[in-house]
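Asks: One structure coming up, written as structure tokens, with questions to follow.
Okay, here's the thing in structure tokens:
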């Protein structure tokens, strides 16, 4: 537990971004999920101009939820090596 | 390589991407190969208690020259292949992003970019492009549908199957 806490210190820790394949991404607790998303897009060669077309999702206790991008990594109980899915956003309302 | 073989290869790449992350996305995928094209089957299941399921049938003829055609079929068909032509309105979600328009299709239409009917007859702009943007690829389309499934259709109990 102590080791896990240390991994989540200011040096940051690695999570796994899932997008067709899995890639590690180092994050910090004080980063917003929007910042994380931008770096995740870059990891997969997707332009930042496309950011509004993607969301981040993860599972907590088996419950898959979209992550609020205005919140920080630290505000969610995201742990080292947690899998975070980069998903295309659904354009609700477009007909 | 013939155009048919190229289309098959492109669709199989998307199938492999989905298969690799099936566990993370709580989806199961299957592939049926004909002489000229492949059909992907993607089964989504809400594992948070509702048990709702959605089975997408994506016919990938000429992919990515054209978007795959989409049908929602009996979820039992994922395992029972004799049911794979079993398309009925009750297997489609209801609610946001779903449209019923008999002039366009006898089945409900999913208003989410990435499948053929969405673009038919200039219904939506911009039109389908080849190669598609990443978020409109089959992989991207499935993740969009999955978000709608988990966050909206299941939540609103607007799902019949």
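Chains as they are written, first to last, in the numbering used here: chain S, 51 to 145; chain U, 26 to 186.
Every residue gets a Cβ at the ideal spot worked out from N, C-alpha and C, and that includes glycine.
Just so we're clear, the structure is a prediction, and the values are computed from it rather than from any experiment.
1) Quick one: using the 10 Å Cβ neighbour count with 16 as the cut-off for buried, is residue 113 of chain U buried or exposed?
2) For residue 136 of chain S and residue 110 of chain U, I'd like the C-alpha separation in whole angstroms.
3) Does any residue of chain S have a CB that is nearer than 8 Å to the CB of residue 165 of chain U?
4) Which two residues bound the contiguous alpha helix (DSSP H) that contains residue 150 of chain S?
5) Measuring straight from C-alpha to C-alpha, what distance separates residue 73 of chain U and residue 50 of chain U?
6) Mark residue 28 of chain U as exposed unless 16 or more other C-beta atoms lie within 10 angstroms of its C-beta, in which case mark it buried.
7) If distances are taken between C-alpha atoms only, which option among U:64, U:146, U:163 comes closest to residue 92 of chain U?
8) Would residue 179 of chain U count as contacting chain S if we go by Cβ distances under 8 Å?
9) Under 8 Å between C-beta atoms, does residue 169 of chain U make it to chain S?
10) Below 8 Å on the Cβ atoms is my guess for residue 67 of chain U versus residue 167 of chain U; work out the distance and round it to an integer in Å.
11) Using the C-alpha atoms, what's the distance from residue 174 of chain U back to residue 129 of chain U?
Replies: Checking against the coordinates, here is how it stands:
1) exposed
2) 32 Å
3) yes
4) What is shown of chain S runs 51 to 145, which leaves residue 150 of chain S out entirely.
5) 13 Å
6) exposed
7) U:163
8) no
9) Closer than 8 Å: yes.
10) 5 Å
11) 23 Å
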